[in-house]
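Once you know that position 180 of the sequence shown is 180 in my numbering, the rest is easy, because the numbers rise by one and skip nothing. Don't be surprised by glycine CBs; every beta carbon is placed ideally from N, CA and C. Structure first, commentary second.
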Amino acid sequence: MSSRRRSKKDAASTVTPPQAPPSQYSRRERVLYVGCEGEVTEYDYLRYLNKEFGSGDSETGRPPFTIKPVRKAGGLIPSRTVKAVVEAAQGEDETWVLFDRDSHHDIPEAFEAAADSDTEVCFSHPSFELWLLLHFQPFGGPQGAAKNTYVLEKLRKADTAYKRFDKPDKGLNGARTKALKGKEAAAVQHARALVGQCAHGSCKPANATFEEPKYGRSEKERAARSGHAKNCDVLKRDPSTDVWRLLVSLGIVKV
1 MSSRRRSKKD AASTVTPPQA PPSQYSRRER VLYVGCEGEV TEYDYLRYLN KEFGSGDSET
61 GRPPFTIKPV RKAGGLIPSR TVKAVVEAAQ GEDETWVLFD RDSHHDIPEA FEAAADSDTE
121 VCFSHPSFEL WLLLHFQPFG GPQGAAKNTY VLEKLRKADT AYKRFDKPDK GLNGARTKAL
181 KGKEAAAVQH ARALVGQCAH GSCKPANATF EEPKYGRSEK ERAARSGHAK NCDVLKRDPS
241 TDVWRLLVSL GIVKV
């Protein structure tokens, strides 16, 4: 009887495994164009993923991949991030975007554009730095729109490599990426826990999926793929980050 209960619990906490890229992608190695709203931090993080995990792992069966970051000097607003990555990929490869809540007013528009172009969205509220912080510790509590101060304070105290992390020094140098290494599974666990803590009340990490929505391809259905309820307003997912979906999709972390 107890083993049956454990089995149900395990099944409920399992994310549907990532599906193989659609057949229209022509390259043998998996190639992902990833649009970065930010100019530096996200770009450096994607380069780190390439360097650390891109060659694959024959022991675990994790296939190789290449991430091609797409950015612009001075950064991009979310909707333009989607446009830029779609134009860069030219229909040949997968497209993903990373953008934050910040004080942007075009986030619903960006989700709509992503849905129309089959682009995966990694949305962070209040900022991408939350994803970095989750490598070191869990986090919780609403931060308010465009409020990133507390997250940065926590990150600076989390590891000595981040002690001076702030503008203009928001790059991820060797010491900062080294501090992240080996903590990817913890970051994913902490990020998924935030889904379950969402104020909406019906959001569950076990509902996350990498499968295409069954009933259309609207921005709401796209936004619900991280485990949030379909009618959970993305602007109210405070705090949250979906960057974990990229790592699971690449096979870096299994859930």
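Are the beta-carbon atoms of residue i and residue j separated by less than 8 angstroms?
{"i": "Glu94", "j": "Leu49", "result": "no"}
{"i": "Lys178", "j": "His135", "result": "no"}
{"i": "Val121", "j": "Asp242", "result": "yes"}
{"i": "Ser152", "j": "Phe139", "result": "The amino acid at residue 152 is misidentified as Ser; the sequence shows Leu. Against a cut-off of 8 angstroms, the Cβ pair of Phe139 and Leu152 comes out as no contact."}
{"i": "Ser249", "j": "Phe210", "result": "yes"}
{"i": "Pro126", "j": "Asp159", "result": "no"}
{"i": "Ala223", "j": "Cys203", "result": "no"}
{"i": "Leu235", "j": "Ile67", "result": "no"}
{"i": "Val86", "j": "Val34", "result": "no"}
{"i": "Gly75", "j": "Glu37", "result": "yes"}
{"i": "Leu247", "j": "Val188", "result": "yes"}
Looking at the secondary structure, which residues open and close the beta strand (DSSP E) in which residue i lies?
{"i": "Asp100", "result": "Glu94 to Asp100"}
{"i": "Phe123", "result": "Glu120 to His125"}
{"i": "Val31", "result": "Arg30 to Cys36"}
{"i": "Pro69", "result": "Phe65 to Val70"}
Would you decide whether residue i is buried or exposed? Buried here means 16 or more other CB atoms lie within 10 Å of its CB.
{"i": "Arg30", "result": "buried"}
{"i": "Lys51", "result": "exposed"}
{"i": "Arg176", "result": "buried"}
{"i": "Gly144", "result": "exposed"}
{"i": "His190", "result": "buried"}
{"i": "Ser55", "result": "exposed"}
{"i": "Ala110", "result": "buried"}
{"i": "Ser58", "result": "exposed"}
{"i": "Ala73", "result": "exposed"}
{"i": "Ala199", "result": "exposed"}
{"i": "Asn231", "result": "exposed"}
{"i": "Ser124", "result": "buried"}
{"i": "Asn173", "result": "exposed"}
{"i": "Pro78", "result": "buried"}
{"i": "Glu102", "result": "One detail in the question is off: residue 102 reads as Asp in this sequence, not Glu. Its Cβ being crowded by 16 or more others within 10 Å, Asp102 is buried."}
{"i": "Met1", "result": "Low confidence applies to Met1: its pLDDT is 40, below 50, so where it sits in the model is not reliable enough to give any reading."}
Closer than 8 angstroms by C-beta to residue i: which residues in its own chain qualify, once you throw out the five before and the five after it? Chain order, please.
{"i": "Gly171", "result": "Val40, Thr41 and Asp44"}
{"i": "Ile252", "result": "Leu49, Phe53, Arg62 and Glu184"}
Which first and last residues belong to the alpha helix (DSSP H) in which residue i is found?
{"i": "Lys107", "result": "Correcting the residue type first, residue 107 is Ile in the shown sequence and not Lys. Unbroken alpha helix (DSSP H) run through Ile107: Ile107 to Asp116."}
{"i": "Arg47", "result": "Thr41 to Phe53"}
{"i": "Phe245", "result": "Just to set this straight, residue 245 is Arg in the shown sequence, not Phe. Here the alpha helix (DSSP H) through Arg245 covers Trp244 to Ser249."}
{"i": "Val82", "result": "Pro78 to Ala89"}
Below 6 angstroms CB to CB, which residues in the same chain sit around residue i once its five sequence neighbours on both sides are set aside?
{"i": "Ser23", "result": "With a pLDDT of 47 at Ser23, under the threshold of 50, the modelled position of this residue cannot be trusted; read the value that follows with caution. Contacts found: none."}
{"i": "Ala161", "result": "Ala175, Arg176 and Ala179"}
{"i": "Ala88", "result": "Tyr33 and Val70"}
{"i": "Pro205", "result": "Arg192, Val195, Gly196 and Gly227"}
{"i": "Arg156", "result": "Tyr162, Lys163 and Phe165"}
{"i": "Pro142", "result": "Asp238"}
{"i": "Phe65", "result": "Arg30, Gly54 and Leu250"}
{"i": "Lys154", "result": "Leu133"}
Once the 5 residues before and after residue i are set aside, which same chain residues still bring their CB inside 7 angstroms of it?
{"i": "Ser226", "result": "Val195, Ala208, Asp242 and Arg245"}
{"i": "His115", "result": "The amino acid occupying residue 115 in the given sequence is Ala; His does not appear at that position. Here the set comprises Arg217, Ser218, Glu219 and Arg222."}
{"i": "Thr119", "result": "Val82, Val85, Val86, Thr95, Trp96 and Val97"}
{"i": "Asn148", "result": "Pro126, Ser127 and Glu129"}
Would you say residue i reaches chain C, if we count a Cβ-Cβ gap shorter than 8 angstroms as a contact?
{"i": "Asp233", "result": "Here there is only one protein chain, and chain C is not present."}
At what residue ranges does the region 173-238 contain a whole run of the alpha helix (DSSP H), taking only runs of 4 or more?
174-180, 184-196 and 219-223
Contained alpha helix (DSSP H) runs [length at least 4] in the region 123-174, N- to C-terminal order:
129-133 and 149-158
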